[in-house]
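A.B. asks:
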Amino acid sequence: MDLSNPPHIDDSSYELILNNPHSLPVLVDCYTDKCGPCKLIERTLQQTLPKYTSSTNTRLSFAKWDTETKDSSEHFMSLLREHSMIFRVLPTLLLFMDGIPVAMKSGMMSAAALERFLEEHVPSDEPKEGERRPKVRPDGALGISTRKMNR
Numbered sequence: 007m008d009l010s011n012p013p014h015i016d017d018s019s020y021e022l023i024l025n026n027p028h029s030l031p032v033l034v035d036c037y038t039d040k041c042g043p044c045k046l047i048e049r050t051l052q053q054t055l056p057k058y059t060s061s062t063n064t065r066l067s068f069a070k071w072d073t074e075t076k077d078s079s080e081h082f083m084s085l086l087r088e089h090s091m092i093f094r095v096l097p098t099l100l101l102f103m104d105g106i107p108v109a110m111k112s113g114m115m116s117a118a119a120l121e122r123f124l125e126e127h128v129p130s131d132e133p134k135e136g137e138r139r140p141k142v143r144p145d146g147a148l149g150i151s152t153r154k155m156n157r
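Numbers in the working numbering are just positions in the sequence shown, counted from 1, shifted up by 6.
1. Is there a C-beta anywhere in chain C that falls below 7 Å from the one on residue 32?
2. Hey, out of 100, 114, 104 and 105, whose CA is closest to residue 124's CA?
3. How long is the line joining the alpha carbons of residue 80 and residue 38, rounded to whole angstroms?
4. Cα-Cα, which of 16, 11, 112 and 9 is closest to residue 83?
5. With DSSP as the reference, identify every bridge partner of residue 32, one or two as the case may be.
6. Alpha helix (DSSP H) containing residue 59: first to last residue?
7. Enumerate in chain order the residues of its own chain whose CB-to-CB distance from residue 105 is below 6 Å, with the five nearest sequence positions on each side excluded.
8. Cα separation between residue 60 and residue 128?
9. Taking the alpha-carbon of residue 66 as reference, which of 20, 103, 117 and 114 has the nearest alpha-carbon?
10. Run through the DSSP bridge pairs and tell me what residue 107 is partnered with.
11. Where does residue 112 fall in DSSP's three states?
12. Assuming residue 74 is part of the alpha helix (DSSP H), what are its boundary residues?
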């Protein structure tokens, strides 16, 4: 993914971006051109996101939303309100899974803080040691066993 020219959310593109075909989580950078901290967080994003968006380890999609342009999406704003994702501080990062906002982080943050936020919310390809995950069947349903687990 080219982080220097990510897709921008507007009324014509928000559904395509958020309901991406690969079912990847989508991180949306909410910003304005007049916001100084929004420009500073660009460096943090450039440092951190390649770990999640590289061609060998794609765990995340990335998009930007200029909250002050005339093309700013009313549909996108109503989706945020519907899920109680209201923010008053920029920059704000929103994380979407399957088109639904699931996490939000506002204000300046270090690369380490951004990485903690992403590790907390973005599924990894491999489970961590001791972590159990339900298996997903080919039809997309969870393969949950009904037998009792040994404890």
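Ideal placement from N, C-alpha and C gives every residue a C-beta, glycine not left out.
Remember, predicted model here, so these are calculated numbers, not experimental data.
C.D. replies: Put simply:
1. No chain C appears in the structure shown, which is made up of a single protein chain.
2. Residue 100 is the option with its Cα nearest to residue 124.
3. Separation of residue 80 and residue 38 (C-alpha to C-alpha, rounded to the nearest whole angstrom) is 16 Å.
4. Closest by alpha carbon: 16.
5. 67 and 102.
6. Annotation: the continuous alpha helix (DSSP H) that includes residue 59 extends over 56-59.
7. The answer, listed in chain order, is 24 and 25.
8. Their backbone Cα atoms lie some 15 Å apart in a straight line.
9. Taking residue 66 as reference, the option from 20, 103, 117 and 114 with the minimal CA-CA separation is 103.
10. Bridge partners of residue 107 according to DSSP: 102.
11. Reduced to three states, the DSSP call for residue 112 is strand.
12. Careful: residue 74 lies outside any alpha helix (DSSP H) and carries neither H nor E.
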